[in-house]
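**Student:**
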Amino acid sequence: METHQLFESALDSKYILHGNQLKDRYSHIWRMDEPLKASCLLLPTSTQEVSAILKICNDNKLNVVTHGGLTNLVGSTRSENQDVILSLERMNRIIEINENTRTATVEAGVILENLHNAAEDLSLQFPLNFGAKGSAQIGGIISTNAGGLRVLKYGMTRQLVLGLEYVLADGTIISSLKTIIKDNSGYDLKQLMIGSEGTLGVITKAVLKLVEKPTSRQAAIAGLSDYVNVMKLLKKADAHLSGKLSGFELMWNNTFKQLTAAGAHVRPPLELDHKFYVLLESQGNDDQTDRRELEKLLENMLIEEIVDDAVVASSLSEVEHFFRIREDVSNLTDHMKYDQHFDISLPIPAIDDYIATCYKRLEKLDQVDEVYAFGHVADGNIHLMIGKQNDSMELKVEIDQIVYEGLTDLNGSVSAEHGIGVDKRDYLNISNTTEEIELMKLLKKTFDPNSILNRGKIFEL
Numbered sequence: 001m002e003t004h005q006l007f008e009s010a011l012d013s014k015y016i017l018h019g020n021q022l023k024d025r026y027s028h029i030w031r032m033d034e035p036l037k038a039s040c041l042l043l044p045t046s047t048q049e050v051s052a053i054l055k056i057c058n059d060n061k062l063n064v065v066t067h068g069g070l071t072n073l074v075g076s077t078r079s080e081n082q083d084v085i086l087s088l089e090r091m092n093r094i095i096e097i098n099e100n101t102r103t104a105t106v107e108a109g110v111i112l113e114n115l116h117n118a119a120e121d122l123s124l125q126f127p128l129n130f131g132a133k134g135s136a137q138i139g140g141i142i143s144t145n146a147g148g149l150r151v152l153k154y155g156m157t158r159q160l161v162l163g164l165e166y167v168l169a170d171g172t173i174i175s176s177l178k179t180i181i182k183d184n185s186g187y188d189l190k191q192l193m194i195g196s197e198g199t200l201g202v203i204t205k206a207v208l209k210l211v212e213k214p215t216s217r218q219a220a221i222a223g224l225s226d227y228v229n230v231m232k233l234l235k236k237a238d239a240h241l242s243g244k245l246s247g248f249e250l251m252w253n254n255t256f257k258q259l260t261a262a263g264a265h266v267r268p269p270l271e272l273d274h275k276f277y278v279l280l281e282s283q284g285n286d287d288q289t290d291r292r293e294l295e296k297l298l299e300n301m302l303i304e305e306i307v308d309d310a311v312v313a314s315s316l317s318e319v320e321h322f323f324r325i326r327e328d329v330s331n332l333t334d335h336m337k338y339d340q341h342f343d344i345s346l347p348i349p350a351i352d353d354y355i356a357t358c359y360k361r362l363e364k365l366d367q368v369d370e371v372y373a374f375g376h377v378a379d380g381n382i383h384l385m386i387g388k389q390n391d392s393m394e395l396k397v398e399i400d401q402i403v404y405e406g407l408t409d410l411n412g413s414v415s416a417e418h419g420i421g422v423d424k425r426d427y428l429n430i431s432n433t434t435e436e437i438e439l440m441k442l443l444k445k446t447f448d449p450n451s452i453l454n455r456g457k458i459f460e461l
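Counting from 1, one number per residue, gives the positions in the sequence shown under the UniProt record's numbering.
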């Protein structure tokens with residue numbers, strides 16, 4: 001019996017794809033030219049169908065790779081020819097948005113942007129936001145504990161999940177779709193699923209925390225000459241804006257130049273001679289008052305010579321224009337022959353020296369063409385994008401070591417928000433002690449004794 005035939009008792013045959021039916025499928029939205037490796041791809045529509053599928057896989061010791069929006073950057077959805085792909089794209093219902101509990105109950109295949117729109121129709125907001133919102137699905141977002149542009153104000157995904165329904169490797173369904181904020185009744189098991197990259201269970205539903213939709217959104221871009229002033233601006237902005245500061249994004253000079261270069265979708269709102277550029281966002285409830293507050297902050301920063309120049313968005317369309325500068329990272333990668341991405345986290349005061357050292361060492365490598373840095377500096381998360389001449393493993397490892405090797409001494413992390421997957425697996429020990437990794441492996445063996453769920457991701461057993 002071929003692998004796909006095992007699932008005919010669990011799914012209608014038209015939702016079991018195999019052979020030539022897989023030719024238009026892929027494992028990564030950024031690598032759509034690479035064909036999917038799999039024995040079959042399954043398209044369930046319910047938690048019960050997911051349960052039946054996993055029971056079959058567990059009984060037959062078949063490795064399962066779960067697919068969401070396929071926006072991950074670390075190989076979490078990479079698969080081999082013998083693997084079973086479990087795609088949750090058909091589980092895309094927004095089950096309920098409750099205005100009184102301010103919660104959304106959704107299936108795992110709901111696209112983030114669709115949830116944004118549904119919540120906003122009721123004057124609510126799901127505050128998690130990042131560039132891939134038009135593709136990323138809630139299940140994958142939770143499985144990687146995604147961060148994004150508003151962690152400063154609202155926290156990571158983990159802070160926005162109230163309840164989960166998920167299926168264990170043996171098909172056991174764990175359903176705890178609570179809409180309450182306070183619950184100290186024993187271990188908070190959902191936290192083990194959040195950020196586990198599909199290695200402990202398959203998330204099928206979630207209860208998410210919503211907030212009242214802000215009626216005012218302001219933004220500004222400031223140019224600064226040194227990193228000490230970046231930190232001063234962060235502190236002053238957070239104090240002056242009285243809890244309204246929702247975004248504080250940092251771009252290095254060469255990054256900002258490339259993001260606004262000829263051919264980019266946006267033009268630079270400031271001169272291109274500043275060492276650093278900060279994109280600030282505030283969310284409030286009075287458009288005129290909030291804009292005046294932001295303008296007054298930046299006036300003071302100019303007087304105190306913390307900021308060298310600044311421009312405040314005069315309309316919502318200009319706010320969105322400013323954010324397109326930061327979000328459209330394709331302007332950094334489109335001209336690269338090969339690219340390598342990093343998502344590191346380190347203490348805010350250490351960022352400037354650390355990134356400067358990375359630039360200096362990376363630019364000495366003959367096969368490295370360019371280095372771009374930007375990130376969510378208010379939460380210590382910096383992204384590096386490196387353009388290079390070849391995609392050899394030797395060069396990849398050399399670049400990895402330059403970027404990662406100093407993080408242990410700083411108590412930093414090799415993954416701020418993208419996860420570990422396959423690509424960062426060899427560097428897990430930089431961010432975690434041997435004892436922590438052994439405990440992770442014990443959890444994996446307990447939840448998934450046959451190691452059928454995303455085998456080989458995060459670590460190898």
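Don't be surprised by glycine CBs; every beta carbon is placed ideally from N, CA and C.
(1) Using 8 Å for Cβ pairs, my map puts Leu407 next to Phe342. What's the rounded Cβ distance?
(2) Among Val422, Ser196, Asn114, Ile437, which one has its Cα closest to the Cα of Lys457?
(3) In the DSSP assignment, what residue or residues form a beta bridge with Leu42?
(4) What residue range does the alpha helix (DSSP H) around Leu297 cover?
(5) What is the DSSP secondary structure of Arg425, counted as helix, strand or coil?
(6) Count the other C-beta atoms from every protein chain shown that fall within 10 angstroms of the C-beta of Leu395, then say buried if there are 16 or more, exposed otherwise.
(7) Between Thr101 and the ligand ADP, is there a pair consisting of the residue's CB and a ligand heavy atom that are separated by less than 6 Å?
(8) According to DSSP, which residues form a beta bridge with Arg217?
(9) Please tell me whether Asp194 and Ile142 are closer than 7 Å, where the distance is taken between their beta carbons.
(10) Would you kindly work out how many angstroms separate the C-alpha atoms of Leu428 and Val397, rounded to a whole number?
(11) Curious, which full-length beta strand (DSSP E) runs of at least 3 residues does the segment 229–271 contain?
(12) Would you call His116 buried or exposed, if buried means 16 or more other Cβ atoms sit within 10 Å of its Cβ?
(13) Using beta-carbon positions only, say whether Glu324 and Glu249 come within less than 7 Å of one another.
(14) Taking only runs of the beta strand (DSSP E) that begin and end inside the segment 315–356, which ones reach a length of at least 3 residues, in chain order?
(15) How about Leu54 and Gly140: are their beta carbons less than 7 Å apart?
(16) So what's Gly223 in DSSP terms, helix, strand or just coil?
(17) Tell me, which residues are paired with Val278 by DSSP?
(18) Alpha carbon to alpha carbon, how far is Gly201 from Glu320?
(19) Which residues bound the alpha helix (DSSP H) around Thr47?
(20) Here's a check: name, in chain order, each residue in its chain whose Cβ is nearer than 6 Å to the Cβ of Tyr372, leaving out the five neighbours to either side.
(21) Among Lys275, Asp290, Leu208, Pro269, which one has its Cα closest to the Cα of Ser242?
(22) So, helix, strand or coil for Tyr372, using DSSP?
(23) Considering only residues of the same chain and omitting the five flanking positions on each side of Leu73, which have a CB-CB separation below 6 Å?
(24) Per DSSP, what kind of secondary structure is Ser175 in: helix, strand or coil?
(25) State the beta-bridge partners of Asp309 as determined by DSSP.
(26) Taking Leu22 and Ala38 to be in contact with their CB atoms under 8 Å, please state how far apart those CB atoms are, rounded to whole angstroms.
(27) Leaving aside the five residues before and after Phe374 along the sequence, list all residues of the same chain whose C-beta is less than 6 Å from its C-beta, in chain order.
(28) Decide if Lys364 is buried, meaning its Cβ has at least 16 other Cβ atoms within 10 Å, or exposed.
(29) With a threshold of 16 other CB atoms inside 10 Å of the CB of Ile181, please say whether the residue is buried or exposed.
(30) Taking C-alpha atoms, which residue in Ile16, Ala356, Asn129, Ile56 lies nearest to Ile402?
(31) Under the three-state reduction of DSSP, which class applies to Tyr166: helix, strand or coil?
(32) Look at the Cβ atom of Asn58, then the Cβ atom of Asn450, and state whether they are nearer than 7 Å.
(33) Would DSSP call Gln389 helix, strand or coil?
(34) Residues in its own chain within less than 8 Å of Ala119 by CB, not counting five upstream and five downstream?
(35) Please state whether DSSP places His28 in a helix, a strand or coil.
(36) If you run the structure through DSSP and keep just helix, strand and coil, what is Ala104?
**Tutor:** According to the structure data:
(1) Actually they are not in contact, since the Cβ atoms of Leu407 and Phe342 sit about 11 Å apart, beyond 8 Å.
(2) Val422
(3) Ile16, Leu86
(4) 287–303
(5) helix
(6) buried
(7) Although the ligand ADP was asked about, the structure shown includes no ligands whatsoever.
(8) Gln283
(9) The sequence shown places Ile at residue 194, not Asp. A contact, by the Cβ cut-off of 7 Å.
(10) 14 Å
(11) 245–252
(12) buried
(13) The question names Glu, but residue 324 in the sequence shown is Arg. It is not a contact, given that the beta carbons lie outside the stated cut-off.
(14) 338–345
(15) no
(16) strand
(17) Ala222, Leu250
(18) 37 Å
(19) 47–59
(20) Thr255, Leu332, Met385
(21) Asp290
(22) strand
(23) His341, His418
(24) strand
(25) Gly223
(26) 6 Å
(27) Met251, Thr255, His383
(28) exposed
(29) exposed
(30) Ala356
(31) strand
(32) yes
(33) coil
(34) Ile97, Ala104, Gln125, Phe126, Leu210, Lys213
(35) coil
(36) strand
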